[in-house]
Amino acid sequence: MNCRDFESNVLGLDCGEAPGAGAVEHAASCAACREELQAIEDLHSALGDLARHDAAIEAPVYLEASLLKELARSGEQVRATGVTTRWARSRRFRFAIAAAAAAIMVAAVIAVVRWNFVRPNPGAPVGVGRQIQTGSPEPGAHKDDSKDSPAVNPNAVKPDKPQKPDQQTGTGGRVAKEREGNKPSKGMKRGPANPMGRDDFEIATDYFPIDVGSFMQPIDGGQIVRIKVPRSALRSYGLPVDPLRADEAVKADVVLGNDGMARAIRFVR
Amino acid sequence: MGEDLIDLSRLDDVALLQLARRGHDGAFLTLYRRRQAKVYRFSMQMSGSASIADDVTQEVFLALMRQPGRYDPERGSLEAFLYGVARNHVLRRLGADRRYVPISDDQGESGESLDQPYQDDPHTEMARAETVESVRRAILSLPEHYREVVVLCDLHEMSYAEASAALGCAVGTVRSRLHRARKMLLEKLRPAAEQEDEPDGVKSARCVV
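Which chain is which? The protein sequence lines are R and H, in order.
Residue numbers for the first sequence follow the numbering used here, beginning at 1 and rising by one.
Residue numbers for the second sequence follow the numbering used here, beginning at 270 and rising by one.
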């Protein structure tokens, strides 16, 4: 160990820490380093004395009293305002603003969605304004009521505009399938599923003319009205009726002309 | 309700601070009483001024009370954090008012707090007191970044790692600064002894010149 290493070694000693064997051996052979070692030991001793001398020093009592006073004042402020610091107040204020804005946006979106989906068509009676899509019937639908169900009609029934009976005649027994819950196609506004807002399927027959006279008169407008009729009324239009359920009611849509005359009827299930 | 039944003296610093954050005044007071002496002593030894130590200690604990979230337990102990805050306040005060350092030989305001009653042999105690004061002056005359490592490592017996956490620098930096600071202290304390031991050597040198 040379003098440079010795100095580096002993300067790194902690207070009370003994130098290594190499440093002691070097100090024994080098007078300058021996003095250096002694000086460092004296310095450590003096630092230890200073540390012990200052060990009893504490903050004056009035500091604690002052802090307690400040603490009480701060506590009162917190209890009064509910906030601790300007930073916290600012952060909470910003959070409250953001939360309020988010709540308003959510409420607006919900209101728009509900308005679009629930709003009835103001000019139309019950049952009018539904969008009925064409399409082939889903296999397996209405398995358990096949006796009363007419044959499925793959053609569409679009009752947004009252249809002329002469366009719907004929083929009694054909049933149109309404998919009221289906996704609307482009440009087609999705209407309410039914007056009750339900989003399920309805199966309807084609329209049957109610009587020949009215059928022959041209129709320039009208309304469709949902009514209930005895199931036995199906028989009048050549549809099969289960005698055991003949007293039950079935839903029907009746086309009324502007003159108030019923022009056509279809049965809905 | 339940917090009032806790023996606060058994809780560590972090637990006390968490209680204090929830408005437990007793927890904060316990924390203050546990840590105030070291903070005050550090401020005094760094500045040599009792009034600065007063102000700094108050500022440190007010900051802890108002912004307890500034302390991150993952970055070190609360003690190291308090030292770091105290150090920043001391350096700010010293930078704002350089009149306090280096301190003069007279006791002044700092002498009032630093004087301790002597209990042993009066001569020995007097010599020790002189040594203590000369070392204190030597420390106060060091540049600040050397002074703080001496105060933390030699007077407050902190490890290099703890000092590095308090000062916000690397452990190697603390070590090298401490070596340099001790060497400077040796140089500052040596001339007085050498002047007493070798007065004739100086005279003879002057004669030669």
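Using N, Cα and C, we set each Cβ at its ideal position, and we do this for glycine too.
- Minimum Cα-Cα distance from residue 60 of chain R among the listed residues H:308, H:338, H:392, H:336 corresponds to H:308.
- Leaving aside the five residues that flank residue 296 of chain H on each side, the residues in its chain whose CB is nearer than 7 Å to its CB run, in chain order, 277, 285, 288, 289.
- Under the three-pair Cβ rule at 8 Å, the region 301-316 of chain H does not count as touching the region 392-402 of chain H.
- Under the three-state reduction of DSSP, residue 58 of chain R is assigned to coil, being neither helix nor strand.
- Residue-level contact by beta carbon fails for residue 41 of chain R and chain H, as no gap is shorter than 8 Å.
- For residue 19 of chain R, there are no C-beta contacts with chain H under 9 Å, since the nearest C-beta of that chain is about 14 Å from it.
- In the DSSP assignment, residue 437 of chain H falls outside any beta strand (DSSP E), carrying neither H nor E.
- Residue 35 of chain R and residue 42 of chain R have their C-alpha atoms roughly 10 Å apart.
- DSSP places residue 222 of chain R in the uninterrupted beta strand (DSSP E) bounded by 222-230.
- Counting along the chain, no alpha helix (DSSP H) covers residue 366 of chain H, and no H or E run does either.
- Per DSSP, reduced to three states, the secondary structure at residue 269 of chain R is coil, with no helix or strand assignment.
- Nearest Cα to residue 304 of chain H within the set H:329, H:318, H:292, H:324: H:329.
- The straight-line gap separating the alpha-carbon atoms of residue 318 of chain H and residue 32 of chain R is approximately 37 Å.
- Between residue 457 of chain H and residue 410 of chain H, the CB-CB gap stays under 8 Å.
- Listed along chain R are 50, each with a C-beta nearer than 8 Å to that of residue 405 of chain H.
- Residue environment analysis places residue 244 of chain R among the exposed positions, since fewer than 16 neighbouring C-beta atoms fall within 10 angstroms of its C-beta.
- In terms of Cβ geometry, residue 46 of chain R and residue 404 of chain H form a close pair [threshold 8 Å].
- When C-alpha distances from residue 299 of chain H are compared across H:455, H:275, H:442, the shortest belongs to H:275.
- Interface flag for residue 448 of chain H against chain R is set, since a Cβ pair is found closer than 8 Å.
- In the DSSP annotation of this structure, the continuous segment of the beta strand (DSSP E) that includes residue 256 of chain R starts and ends at 249-257.
- Residue 263 of chain R sits in a strand when the DSSP states are folded into three classes.
- Scanning its chain for C-beta atoms nearer than 6 Å, with the 5 sequence neighbours on each side dropped, one finds no residue around residue 107 of chain R.
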